[in-house]
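Student: Here it is: the structure, laid out below.
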Amino acid sequence: MQCSASLDVLFLLDGSYSIGKGSFERSKHFAGKLCDALDIHPDRVRVGMIQFSSTPHLEFPLDSYLTKQEVKERIKRTVFRGGSTETGRALKYILHKGFPGGRNSSVPEVLIIISDGKSQGSTAMPAMQVKERHITVFAVGIKFPRWEELQELASEPPERHLLFAGDADDAANGLYSTLSDPVCTATAPGCKVESHPCERRTLETVKELAGSYVCWKGSKQPNAVQASLCPFIRWKRVLIKHPSRCFRTVCPDPCDSQPCQNGGTCVPEGLDRYHCLCLLGYGGDVHCAAKLSLECGVDLLFLMDSSAGVTLEGFLRFKAFLKRFLQAVVGQDSPMSVGVAQYGDHVKVPIELGQHKDTFSLMRSIDALNFSGGRTLTGRALQYIAQHGFRSTPVFADVQDDLPRVVVLLTDSKSQDSVAEAAKYAKDQNLFLIGIGSSFMRAELTMVTGNPQQTIVYSDPQDLFNRMPELQRKICSVGSPEGCQAQSLDLAFAVDASSGVGLENFLRLRHFVRSSCLHFIINRDVTQIALVTYSSTAHTAFALDTHTSSSAVLQAIDQVPFLGGSASAGSALLHVYSDIMTVQKGARPGVSKVVVLLTNGAGMQGAAAPAQQLRHNGILVFVVVFGEAERDTLLRVAASPNYLLHISSYKDLQYYQGLIIERICEEARSPVTLCKPNPCLNQGVCILGPGSYRCECHGWEGPHCETRVLRGDSPRSPALPPHPHVQWSPRGLQHFSRALQHSKRQ
68 MQCSASLDVL FLLDGSYSIG KGSFERSKHF AGKLCDALDI HPDRVRVGMI QFSSTPHLEF
128 PLDSYLTKQE VKERIKRTVF RGGSTETGRA LKYILHKGFP GGRNSSVPEV LIIISDGKSQ
188 GSTAMPAMQV KERHITVFAV GIKFPRWEEL QELASEPPER HLLFAGDADD AANGLYSTLS
248 DPVCTATAPG CKVESHPCER RTLETVKELA GSYVCWKGSK QPNAVQASLC PFIRWKRVLI
308 KHPSRCFRTV CPDPCDSQPC QNGGTCVPEG LDRYHCLCLL GYGGDVHCAA KLSLECGVDL
368 LFLMDSSAGV TLEGFLRFKA FLKRFLQAVV GQDSPMSVGV AQYGDHVKVP IELGQHKDTF
428 SLMRSIDALN FSGGRTLTGR ALQYIAQHGF RSTPVFADVQ DDLPRVVVLL TDSKSQDSVA
488 EAAKYAKDQN LFLIGIGSSF MRAELTMVTG NPQQTIVYSD PQDLFNRMPE LQRKICSVGS
548 PEGCQAQSLD LAFAVDASSG VGLENFLRLR HFVRSSCLHF IINRDVTQIA LVTYSSTAHT
608 AFALDTHTSS SAVLQAIDQV PFLGGSASAG SALLHVYSDI MTVQKGARPG VSKVVVLLTN
668 GAGMQGAAAP AQQLRHNGIL VFVVVFGEAE RDTLLRVAAS PNYLLHISSY KDLQYYQGLI
728 IERICEEARS PVTLCKPNPC LNQGVCILGP GSYRCECHGW EGPHCETRVL RGDSPRSPAL
788 PPHPHVQWSP RGLQHFSRAL QHSKRQ
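Using the numbering used here, the first residue of the sequence shown is number 68, and each one after it goes up by one.
So this is what it looks like as structure tokens:
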């Protein structure tokens, strides 16, 4: 965008001590950026510059430099002068001298004042006289400006003529947007000037009552004083925000939506065409990526941050991402329904769930979304969506929409209200939350989703578009087998609940166990979970066969108390070996078994021996340790660095959940032996056969040596097999009659 017209532009640059050298350099950079919005040429836009402090100084007249490059190079060479801020004197200089090197009065004149607005003298009268000469005045704030004085300097309306040098690209757009209508050539087709809420910030010195002190005051009586309380006033600087409106030009540049994925470079071809230069290995389509598909059935609602904190630029970026993603994944046969909500001070749902049945009308509705501004109330938005976002009317009254409900939160601004309770409420309504934001939002997004695996963070705008395949995978993981892809697993957690861990960190460990359980299908056939807590002694919170559903396990975890006292990891592992990972307590032969030990590293001295016993019985021991600990001792317990994870802080545990579950699942997929742990009771010996095993009993009989041999003339029970050697298949563990027939064949 360039202003291409006959135009004289004069920069009035504040070079006083209140600005300082650092801000003066930023002012120069800003002036150079504004030149990018001007078509500098002897017959079109001419540019000059005056620096002012105690006195005005002409840096270069308007007829000195004829090209944009020459002007920008000369601006860079301008030297800071210093002095007091005499803005009024500089304006009088212009009234007296005019625009040095300018053309006749038929050419529009634009004065751009870049200052902090802290003039030592009055500016009202000379500013009014300058504007009476039909000179368009832009006032640009630098550092923490005094906006009241800058507003006095600027032409009417002030919201169109006040700019902030802190964001040079945005201010250049503002200058162009204001000049485009009356002065510059018409904007390109499709471009339009839009207003949106913004804010102007400054530092102000205010006084506050800090308290009172005893002081002495005179009295009407001679030679008498009396004690009194006098107020103690102190001054402090506070950041003040002034709400305003900004006017900016928005054009449908074909590359604004960043359509090229996976590091591809977008090359515009006019206003409505482009092509992508793709990296090696990408190029399955014109956007450098293989076409995605959402073959999973979900109700999908995008919740977009439209607050002032995310800025207009961020909102437009999210819009472009949303369009590209939905264009890639929504087809005629797509089994999902899509909705879009946006929030700032208030929440609105401009695109109801399932409102559009074709991609074209959906894209048109997304194009119509407008930036709203306001505060970032993410918590309120989540609460509202949980209550009202998925209201649907089934075709038949007795048919309920039982598709998984997914909310994708797009935000780049820290919430100004609490998100924890609202996120918990949303999850209680069976909503699956996915969070997307830049890197500095990672902690808050994890708090919203409750799981780092459900958050997507990006490093730069292009990286956001590269995350589309990851978003597709996370959406379609809802309702599919989780954890170890439905592999059978017996999993026990041994959690340190000693004083060395402390109550606060114990609650973090308990929450970690709880959130990890959400990744597994818990029932008798797939995953069984047990929990042991320990201090000096170990306690079974629940055994492998205690609970047969996720809800029962989660409820039991919430009831597990903190113990306190000293820690003994050895007693905990021995307890798991003798009282948890046994057939009597629900351990299944032929099923992978894992023990996850969560410890602060204390009390590990006697843990190596029971850990070795567990491994000998085919049970993996995975050690997660926090803080400082003796690595050699820990390695003897874990047996391999692959099964030892050292985390510096309890707060960071959540970020390692994916890694820990991945290691557990590797073990679940490894081959197992039917005789570990030993399924034979009462000292029976397990003997492997091809695809089966049998128990060799001594003084006992039955498939697992569970019945004592009767002596004397006592009649033998007809239900018992006559031979103590019974061959046993894991598929028939709970069918005694099948074992009886098998034993008769012996």
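Just so it is clear, CB atoms sit at the ideal spot from N, CA and C, and this is done for glycine as well.
Between which two residues does the beta strand (DSSP E) harbouring Asp81 extend?
Tutor: What you label residue 81 is simply residue 14 of the sequence shown in a count that begins at 1. First-last of the beta strand (DSSP E) with Asp81: 74-81.
Student: Note down the Cα distance separating Pro746 from Ala561, rounded to an integer number of angstroms.
Tutor: As a position in the sequence shown, residue 746 is number 679, starting the count at 1. As a position in the sequence shown, residue 561 is number 494, starting the count at 1. Straight-line Cα distance between these residues: approximately 23 Å.
Student: Are the Cβ atoms of Thr154 and Thr203 separated by less than 7 Å?
Tutor: Reading the sequence shown from its first residue, position 87 is the one you call residue 154. Reading the sequence shown from its first residue, position 136 is the one you call residue 203. No; because the gap between Cβ atoms is not below 7 Å, this pair is not in contact.
Student: Which residue marks the beginning of the alpha helix (DSSP H) containing Gln724, and which one marks its end?
Tutor: Along the sequence shown, one-based indexing puts residue 724 at 657. Segment 724-735, the alpha helix (DSSP H) holding Gln724.
Student: Assign Ser781 to one of three DSSP states: helix, strand, or coil.
Tutor: Within the sequence shown, numbered from 1, the residue matching residue 781 stands at position 714. Residue placement at Ser781 is flagged as unreliable, the pLDDT there being 41, under the threshold of 50; the coordinate-derived value follows with that caveat. In this structure, Ser781 counts as coil in the three-state DSSP scheme.
Student: From the DSSP output, in three-state form, read off Met508 for me.
Tutor: Indexing the sequence shown from 1 puts residue 508 at position 441. Here Met508 sits in helix by DSSP.
Student: Once the 5 residues before and after Leu531 are set aside, which same chain residues still bring their CB inside 6 Å of it?
Tutor: In the sequence shown, the residue the question calls residue 531 occupies position 464. Cβ neighbours of Leu531 beyond the five flanking positions: Phe388, Tyr525.
Student: Please list the terminal residues of the continuous alpha helix (DSSP H) segment that includes Ser618.
Tutor: The count along the sequence shown starts at 1 and reaches residue 618 at position 551. Taken as a continuous stretch (DSSP letters only), the alpha helix (DSSP H) holding Ser618 covers 617-625.
Student: Could you give the distance in angstroms between the alpha-carbon of Pro471 and the alpha-carbon of Asp699?
Tutor: Start at 1 with the first residue of the sequence shown, and residue 471 comes out as number 404. Start at 1 with the first residue of the sequence shown, and residue 699 comes out as number 632. Cα to Cα, the separation comes out at about 47 Å.
Student: Rounded to whole angstroms, what's the CA-CA distance from Thr604 to Ser645? Just pull it up for me.
Tutor: In the sequence shown, the residue the question calls residue 604 occupies position 537. In the sequence shown, the residue the question calls residue 645 occupies position 578. For Thr604 and Ser645, the distance between alpha carbons rounds to 14 Å.
Student: Roughly how far, in whole angstroms, is the beta-carbon of Asp183 from the beta-carbon of Pro225, given that I think they are within contact range, below 8 Å?
Tutor: Taking the sequence shown and counting its residues from 1, one reaches residue 183 at position 116. Taking the sequence shown and counting its residues from 1, one reaches residue 225 at position 158. In fact, because the Cβ distance is near 17 Å, the residues do not count as touching under 8 Å.
Student: Can you tell me whether DSSP reads Tyr132 as helix, strand or coil?
Tutor: Counting from one through the sequence shown, the residue named residue 132 turns up at place 65. Of the three classes helix, strand and coil, the one that applies to Tyr132 here is coil, per DSSP.
Student: Label His771 either buried or exposed according to how many other C-beta atoms from any shown protein chain fall within 10 Å of its C-beta, with 16 as the threshold for buried.
Tutor: Here residue 771 is taken as the residue at index 704 of the sequence shown, counted from 1. So His771 counts as buried.
Student: Got a sec, what are the start and stop residues for the beta strand (DSSP E) Gln118 sits in?
Tutor: The count along the sequence shown starts at 1 and reaches residue 118 at position 51. 112-119 is the span of the beta strand (DSSP E), which, as asked, contains Gln118.
Student: Please go through the same chain and pick out, in chain order, the residues whose beta-carbon is closer than 6 Å to the beta-carbon of Arg798, but skip the five residues on each side of it.
Tutor: Locating residue 798 in the sequence shown gives position 731, counting from the first residue. Confidence is the limiting factor: at Arg798 the pLDDT is only 42, short of 50, which leaves the residue's position unreliable and the question unanswerable from this model.
Student: For Gly670, which residues from the same chain have a beta carbon less than 6 Å from its beta carbon, with the 5 sequence-adjacent residues on both sides left out?
Tutor: Residue mapping note: residue 670 aligns to position 603 of the sequence shown, counting from 1. Cβ neighbours of Gly670 beyond the five flanking positions: Ala634, Ser635, Ala636.
Student: In the DSSP output, what is Glu137 paired with across the bridge?
Tutor: Along the sequence shown, read from residue 1 onward, the residue named residue 137 stands at position 70. Partner(s): none; Glu137 has no beta bridge.
Student: Is it buried or exposed, Glu126, if we count other Cβ atoms within 10 angstroms and call 16 or more buried?
Tutor: As a first step, residue 126 must be located in the sequence shown, where it is residue number 59. Glu126 comes out buried.
Student: Among the residues of its own chain, which have a CB less than 6 Å from the CB of Gly278, if the five just before and after it don't count?
Tutor: As a first step, residue 278 must be located in the sequence shown, where it is residue number 211. Closer than 6 Å at Cβ, skipping near neighbours: Phe299.
Student: Along the chain, where does the beta strand (DSSP E) containing Lys88 start, and where does it finish?
Tutor: In the sequence shown, the residue the question calls residue 88 occupies position 21. Careful: Lys88 lies outside any beta strand (DSSP E), inside the alpha helix (DSSP H) at 87-102.
Student: Assign His614 to buried or exposed, taking buried as 16 or more other Cβ atoms, counted over all protein chains shown, within 10 Å of its Cβ.
Tutor: Translated into positions along the sequence shown, residue 614 becomes position 547. With 16 or more other Cβ atoms within 10 Å, it is buried.
Student: In whole angstroms, what separates the C-alpha of Leu701 from that of Leu711?
Tutor: Walking along the sequence shown from the start, residue 701 turns up at place 634. Walking along the sequence shown from the start, residue 711 turns up at place 644. The alpha-carbon atoms of Leu701 and Leu711 are separated by roughly 7 Å.
Student: Please list the terminal residues of the continuous alpha helix (DSSP H) segment that includes Leu496.
Tutor: Reading the sequence shown from its first residue, position 429 is the one you call residue 496. Before going further, note that residue 496 is Gln rather than Leu in the sequence given. Element bounds for Gln496: n/a, residue is neither H nor E.
Student: Buried or exposed for Cys102, going by 16 or more other Cβ atoms inside 10 Å?
Tutor: As a working note, residue 102 is residue 35 in the sequence shown. The residue in question, Cys102, is buried, as its Cβ has 16 or more Cβ neighbours within 10 Å.
Student: Have a look at Glu223, Asn240, Lys139, Asp81 and flag the residue whose alpha-carbon is nearest the alpha-carbon of Ser121.
Tutor: In the sequence shown, the residue the question calls residue 121 occupies position 54. The candidate whose alpha carbon is nearest that of Ser121 is Asp81.
Student: Tell me whether Glu176 is buried or exposed, calling it buried when 16 or more other Cβ atoms sit within 10 Å of its Cβ.
Tutor: Position 109 of the sequence shown, counted from the start, is the residue given in the question as residue 176. So Glu176 ends up on the buried side.
Student: Mapping DSSP to helix, strand and coil, what is Thr245?
Tutor: On the sequence shown, position 178 is the one that residue 245 refers to. Three-state DSSP puts Thr245 in a helix.
Student: Is the CB-CB distance between Leu79 and Ile142 below 7 Å?
Tutor: Numbered from 1 along the sequence shown, position 12 holds the residue referred to as residue 79. Numbered from 1 along the sequence shown, position 75 holds the residue referred to as residue 142. No; because the gap between Cβ atoms is not below 7 Å, this pair is not in contact.
Student: Which value, in whole angstroms, describes the spacing of the CA atoms of Leu720 and Phe579?
Tutor: Position 653 of the sequence shown, counted from the first residue, corresponds to residue 720. Position 512 of the sequence shown, counted from the first residue, corresponds to residue 579. Their backbone Cα atoms lie some 8 Å apart in a straight line.
Student: Using DSSP's beta-bridge definition, name the partner residues of Ala605.
Tutor: Start at 1 with the first residue of the sequence shown, and residue 605 comes out as number 538. Beta-bridge pairing links Ala605 to Tyr601.
Student: Are the CB atoms of Val281 and Ala294 nearer to each other than 7 Å?
Tutor: Within the sequence shown, numbered from 1, the residue matching residue 281 stands at position 214. Within the sequence shown, numbered from 1, the residue matching residue 294 stands at position 227. Cβ distance < 7 Å, so Val281 and Ala294 count as in contact.
Student: Pro193: buried (16+ other C-beta within 10 angstroms of its C-beta) or exposed?
Tutor: As a first step, residue 193 must be located in the sequence shown, where it is residue number 126. That one is buried.
Student: So the candidates are Met116, Lys88, Tyr84; which of them puts its Cα closest to the Cα of Gly99?
Tutor: Along the sequence shown, read from residue 1 onward, the residue named residue 99 stands at position 32. The shortest Cα separation from Gly99 among Met116, Lys88, Tyr84 belongs to Met116.
Student: May I ask which residues mark the beginning and end of the beta strand (DSSP E) holding Thr203?
Tutor: For the purposes of this step, residue 203 is taken as the residue at position 136 of the sequence shown. Note, Thr203: beta strand (DSSP E), 202-208.
Student: For the alpha helix (DSSP H) that contains Gly406, what are its first and last residues?
Tutor: In the sequence shown, the residue the question calls residue 406 occupies position 339. Gly406 -> not in any alpha helix (DSSP H); beta strand (DSSP E) instead, spanning 404-410.
Student: Take Asp323 and list the residues in its own chain whose beta-carbon comes closer than 8 Å to its own, dropping the five residues that flank it on each side.
Tutor: Taking the first residue of the sequence shown as position 1, residue 323 is located at position 256. Result list for Asp323: Leu383, Ala387, in chain order.
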